[in-house]
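A short write-up of the structure that comes next.
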Amino acid sequence: MKNRKYYLNTIIIVIIILAIMFLGESYGIFLSPKTQNMETSEDEGMIVVGVSQLGYESVWRLANTKSVEDALSKENRFFTIINNARQNQENQIKDIRDFISQDVDYIVLAPVTEKGWDSVLREAKEAGIPVILMDREVEVQDSSLYATHIGSDMELEGARAGTWLEGELERRGYTEEDKVNIVILQGTPGSSAQIGRETGFYNIAAKNPNWTILEKADADFTTAKGKEEMARLLKRYEKIDVVFSENDDMTFGAIEAINEAERTVGANGDIIMISFDAGHEALVNVYNGNINVDVECNPLLGNLVAEVIKKMDAGQQVGKKYIIDEKVFTKENVEAYLSNREY
102 MKNRKYYLNT IIIVIIILAI MFLGESYGIF LSPKTQNMET SEDEGMIVVG VSQLGYESVW
162 RLANTKSVED ALSKENRFFT IINNARQNQE NQIKDIRDFI SQDVDYIVLA PVTEKGWDSV
222 LREAKEAGIP VILMDREVEV QDSSLYATHI GSDMELEGAR AGTWLEGELE RRGYTEEDKV
282 NIVILQGTPG SSAQIGRETG FYNIAAKNPN WTILEKADAD FTTAKGKEEM ARLLKRYEKI
342 DVVFSENDDM TFGAIEAINE AERTVGANGD IIMISFDAGH EALVNVYNGN INVDVECNPL
402 LGNLVAEVIK KMDAGQQVGK KYIIDEKVFT KENVEAYLSN REY
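Take the sequence shown: its letters are residues 102 to 444, numbered as in this note's numbering.
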């Protein structure tokens, strides 16, 4: 009886295993992620792209992600996997290694910070997978570890803000003898936006010895932190003339804090507000006078990313850097752009 029971149990187990294997073949349970994703896309000649998006921390980032989704769509012959790294570099390194194991055709990386990418980018290069940097840049010893960078000139953005401030202070009647107190709301430390915008602005500030940077506060590109840090700065410093806020989301929080402190901001206020990104809501604030100037950082990079990938896929040479066109918005010119703003 024991032997019969043993053989019966064995037969049942074998049947179960065979059933699972059958279902696995039918539904792709045992296929690698690459095989599952590409079972149809390879047959249809699609280009497989893995995108490591640094996060969804701002209106800008959401618009950037949508731009990529629209451009790298199935209708445009792309099969795209987009991962949200939640502003964590370790997550992005894992993303890249996952994409390598899936044997994607191209990797698009929007890096959280500039440093710490050499090893994983070398792995991608050894696997023969080109890496395209989107929005932000990386600092690596060997620039051949990535194929190209598509984004903004962050340093130029900062310089444009500084140049505008020079003109605005002159318009308001400031002289070289008048001290100008400035606070900076920083984005993620070590990011291209934070480094570039501050470098460009500092280059202009260095020409104006009466400008004083009272403090740089890390507000992490978010509205909540922007409000929190601005409230703290207002309590600490009696006289703040200028807020240099490195993105619109922090600016929105800063304006809330300034209003709650019963201070005035903007075109008719005692605090000059400089912002970056130039999303629709921010441009409305420029029009209404709450933000003095907003330096554009264009998130709509998807079409350019798609164009570059298709060139590479066709065996064509591509440039090492692609800089998207951008504008500077003030109350004088903003109205013309409000109705057709895409983000």
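Ideal Cβ placement from N, Cα and C applies to all residues, glycine included.
Note on the region 291-352: whole beta strand (DSSP E) runs with a minimum of 3 residues are 312-319 and 343-346, in chain order. For Thr-166, no beta strand (DSSP E) run applies; the uninterrupted alpha helix (DSSP H) run containing it begins and ends at 160-172, by DSSP. For Met-147, the three-state secondary structure derived from DSSP is coil. By the criterion of a C-beta distance shorter than 6 angstroms, Ala-362 is surrounded in its chain by Leu-335, once the five residues flanking it on both sides are discounted.
Ranking Asp-378, Ala-437, Lys-422 and Val-394 by CA distance to the CA of Val-366 puts Val-394 first.
Judged by their CB atoms, Gly-151 and Ile-182 are nearer to each other than the 7 angstroms cut-off.
A straight-line Cα-Cα distance of about 36 angstroms links Phe-353 and Phe-200. Apart from the 5 residues on each side of it in sequence, Thr-324 sits with its Cβ closer than 6 angstroms to the Cβ of Asp-350, Phe-353 and Gly-354 in its chain, given in chain order. Taking C-beta atoms as the reference points, Val-387 and Val-435 count as a pair closer than 7 angstroms. Per the DSSP secondary-structure output, Gln-287 pairs in a beta bridge with Asp-319. Taking 4 residues as the shortest admissible run, the region 218-289 contains the following complete alpha helix (DSSP H) segments, listed from N- to C-terminal end: 219-227 and 255-272. Here the alpha carbon of Ser-253 sits roughly 24 angstroms from the alpha carbon of Ala-225.
Straight-line measurement puts the Cα of Phe-345 at about 12 angstroms from the Cα of Trp-265.
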